[in-house]
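Sequences listed follow chains A and B, in order. Taken in order, the first sequence gives residues 2 to 329; the numbers are from my numbering. Taken in order, the second sequence gives residues -17 to 244; the numbers are from my numbering. For glycine and all other residues, C-beta sits at the position ideal for the given N, C-alpha and C. Source: prediction; values computed, not measured. Okay, so here's the structure we're looking at.
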Amino acid sequence: MSKDVLVFCEQRDGVLQKVSLELLGEGKKLANTLGQRLIALLLGHEVEALCPSLVSHGADEVILVDDAHLRDYLTEPYAMAMADVLNEGNFEIVLIGATAIGRDLAPRVAARVKTGLTADCTSLEIDPETQDLLMTRPAFGGNILATIICPQHRPQMASIRPGVMLAPEPVADATGTVRRFDVDFSGLKNAVVLLESVKATKKAKDITEAKILVSGGRGTGKEGFATLNRLADLLGGQVSASRASVDAGFADKDRQVGQTGKTVRPQLYMACGISGAIQHLAGMEESELIIAINKNPSAPIFDVADVGIVGDMHKILPKLITKLEQMA
Amino acid sequence: MKIIVCIKQVPNTNEVKLDQQTGTLIREGVPSIINPDDLAGIEAALAIKDSLGAHITVVSMGPPQADIALREALAMGCDAACLITDRAFAGADTWATSSTLAGAAQLLGYDLIITGRQAIDGDTAQVGPQMAEHLGIAHIPYAEDIKADGEKIIVTRQFEDRYQLLQAHYPVLVTALSELNQPRYMSVGGVVDAYDQKEVRLLTYADLETFVPVENIGLKGSPTRVKKSFTKSPKGKGELHQVSEDEAVEIIIQKLKGHLIL
């Protein structure tokens, strides 16, 4: 009989990733619905100091595998450790962040323990009749949503993108236990060797591949574009531009959106100080969410915007940036 | 060196539009393409062939129409092509798909397997790593650069905040990002050969049953089921706010949270 909800808690260089706390919050809800416990799984080397934070964020128990093999993320040692824990525990549900680590580790482990895995879920619920986990995710380039179930196999595994779930407030007097779990790495085979790990400096991506675009126009000005760069960094996006601002020399030609520039379809298009000439609209109106800020209430950009703000971007954006910096 | 490249024929999801009246997907007239990450995988294999010499087999599991995608890969310079197609494989999720592809890899033999990171119609990024698991070999995901010699491969593996340089000896599986390279075009001679000189070999379950038990394929081999699928409600009319700057900031933050951007 399977039981309990397990959350894989990701750390990098000994720093707990925010998605781990978000998943503890979501995992707690599922565990409460099922009347089961929430278990946090922490893999790494010399990371025991992170355990209290996992408890204060809802874990009833932390399973800690602390081993030099787990210092840097490498697929096979991590998969070995996680599969060992899953095989011992027979868990009902396993949640993992859909990061460059989770999206690599989870499929390998799911294949090893022979169970289903649903990637990039945006909502999780317990079916009141069957008690199965209902895992809803976007598919077909985000055009449709599908609800996936895993009726005959346990654990039910789901990955969730960072930022989708809300991290709970820590509870100072929460109680939970820490259990050290030993993994025998002597059988480690198919070794992939880490030659070098380099913290990346961000490269400017092609704007057509960006999921988030912060876009400026003639009214943005050169200094305004510096503000947009900061905002784009905070949102994990790129800066794009209208033709007028490219012609004025505020932005490079490869940033230009519109009929003579590039057609973009990001998740978020934030038009700041762009009036919205028809040629510009043609290049961005298919964006999923359009937020426009413009001083002129009759600017055509507001015809395609989901959210229009009548106002001065030079005043609103610095406040938005301050707010986002506080949240980060 | 023997290289297998796994590709998927996918609808170009950028061309899919929603019917604003019914909220359903308009699939008609949407062109099929080779999945972009897989195309980078083909190019990566061809680059290795150019420098070291290699025999490249391109493999796809899918309906008979996927023949076109395989011919395109042949026209780019791949040496052989296999289409895995059989009703027995229908309804496969990533678990069953990867075990089927692993069976084909065992049949064909390989030193290096390259898959795309993920397909644009499903975006799961699961089939590559799971195929390696079924084969019991190592894999390196998210490759943005590949350097190969006769014994080993060195891959630049992408993360959100860093990259790793990883080395592995053959046999190994690598999943390719579309950023990896600029795929070459088909040559005119290549296109002619792809249709006149080269064959697309059909593989059915009968060809793979030595390697894959029947309980590991198709719907029966799939732990997951699609319970339902639905479209997001069509875009409503936009809202316009004339508010203070602080209220404007709050509205923007709430929208970004509502759309899961924050």
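Does any residue of chain A bring its CB to less than 7 Å from the CB of residue i?
i, result
"B/THR206", "yes"
"B/ASP127", "no"
"B/PRO123", "yes"
"B/LYS237", "yes"
"B/PRO216", "Note that B/PRO216 has pLDDT 49, beneath the 50 cutoff, so the model's placement of it is unreliable and no number is given."
"B/THR82", "no"
"B/THR(-5)", "yes"
"B/ASP131", "no"
Could you list which residues in chain B have their beta carbon closer than 8 Å to that of residue i, in chain order?
i, result
"A/GLY164", "LEU242, ILE243, LEU244"
"A/ARG113", "GLU115"
"A/GLN153", "PRO205"
"A/THR131", "Neighbours of A/THR131 on chain B: none; closest Cβ ~10 Å, over 8 Å."
Going by beta-carbon coordinates alone, are residue i and residue j separated by less than 7 Å?
i, j, result
"A/GLY98", "A/GLU170", "no"
"A/PRO298", "A/VAL308", "no"
"B/ASP75", "B/VAL182", "no"
"B/GLU229", "A/LYS316", "no"
"B/LEU148", "B/ILE122", "yes"
"B/VAL(-13)", "B/ASP103", "no"
"B/ASP93", "B/TYR145", "no"
"A/LEU96", "A/LEU24", "yes"
"B/HIS241", "A/LEU290", "yes"
"A/VAL265", "A/ILE213", "no"
"A/ALA82", "A/VAL110", "no"
"B/ILE16", "B/ILE38", "no"
"A/ILE150", "A/LEU232", "no"
"A/ILE302", "A/ALA283", "no"
"B/LEU162", "B/ALA26", "yes"
"A/GLY28", "A/VAL8", "yes"
"B/ALA158", "B/ASP19", "yes"
"B/MET113", "B/ALA84", "yes"
"A/SER160", "A/ALA120", "yes"
"A/ALA168", "A/GLY26", "yes"
Can you confirm whether residue i, when its beta carbon is compared against all beta carbons of chain B, has any partner nearer than 7 Å?
i, result
"A/ILE302", "no"
"A/LEU229", "no"
"A/LEU189", "no"
"A/LYS296", "no"
"A/LEU31", "no"
"A/ASP105", "yes"
What residue does the alpha helix (DSSP H) around residue i start on, and which one ends it?
i, result
"A/LYS316", "314 to 328"
"A/PHE303", "302 to 305"
"A/PRO139", "Premise fails: A/PRO139 lies in the beta strand (DSSP E), 134 to 140, not in any alpha helix (DSSP H)."
"A/GLY36", "Segment: none, A/GLY36 is in no alpha helix (DSSP H) and carries neither H nor E."
"A/LEU189", "Looking at the DSSP string, A/LEU189 is not in any alpha helix (DSSP H), and its letter there is neither H nor E."
"B/LYS(-10)", "Per DSSP, B/LYS(-10) belongs to no alpha helix (DSSP H) and is neither H nor E."
"B/CYS60", "Where B/CYS60 is concerned, there is no enclosing alpha helix (DSSP H), given that its DSSP letter is neither H nor E."
"B/LEU21", "18 to 34"
Contact check, residue i vs residue j under 8 Å by CB: the rounded distance?
i, j, result
"A/VAL193", "B/ALA150", "5 Å"
"A/GLU93", "A/LEU35", "7 Å"
"A/ALA175", "A/VAL56", "5 Å"
"B/PHE141", "A/ALA101", "4 Å"
"B/VAL208", "A/ALA147", "5 Å"
"B/ALA63", "B/LEU52", "4 Å"
"B/GLY23", "B/GLY98", "5 Å"
"A/GLY217", "A/SER246", "5 Å"
"A/VAL66", "A/PHE182", "5 Å"
"A/ARG104", "B/ALA107", "5 Å"
"A/GLN280", "A/GLY259", "5 Å"
"A/ALA41", "A/VAL16", "Actually they do not touch by this definition, with Cβ atoms about 16 Å apart."
For a contact meaning CB atoms closer than 7 Å, what does residue i contact in chain B?
i, result
"A/SER198", "ARG144, GLN146"
"A/LYS19", "Result: empty, since nearest Cβ-Cβ is about 11 Å, beyond 7 Å."
For the beta strand (DSSP E) containing residue i, name the first residue and the last one.
i, result
"A/ASN295", "290 to 295"
"B/LYS129", "120 to 130"
"A/GLU126", "124 to 127"
"B/ILE140", "Here residue 140 of chain B turns out to be Gln, not Ile, going by the sequence shown. 134 to 140 is the span of the beta strand (DSSP E), which, as asked, contains B/GLN140."
"A/LYS4", "Here A/LYS4 belongs to no beta strand (DSSP E), and DSSP marks it neither H nor E."
"A/ASP67", "62 to 67"
Interface residues of chain B around residue i at Cβ under 9 Å?
i, result
"A/THR100", "PHE141, GLU142"
"A/ALA147", "VAL208, LYS209, LYS210, SER211, PHE212"
"A/ILE150", "THR206, ARG207, VAL208, LYS209"
Can you list the residues of chain A that residue i reaches, using a CB-CB cut of under 8 Å?
i, result
"B/ILE233", "VAL308, ILE310"
"B/HIS223", "VAL308, GLY309, ILE310, VAL311"
"B/PRO111", "THR76, ASP105, PRO108, ARG109, ALA112"
Under 9 Å between beta-carbons, which chain A residues line up against residue i? List them in chain order, please.
i, result
"B/GLY220", "ILE291, ALA293, PHE303, ASP304, VAL305, ALA306, ASP307, VAL308, GLY309"
Against chain E, does residue i count as a neighbour if the rule is that its beta carbon must be under 7 Å from one of theirs?
i, result
"B/ALA150", "Considering every chain present, this structure includes no chain E. Its protein chains are A and B."
Taking residue i as the query, report the chain A residues whose CB atoms sit under 7 Å from its CB, ordered along the chain.
i, result
"B/ALA230", "ILE310, GLY312, ILE317"
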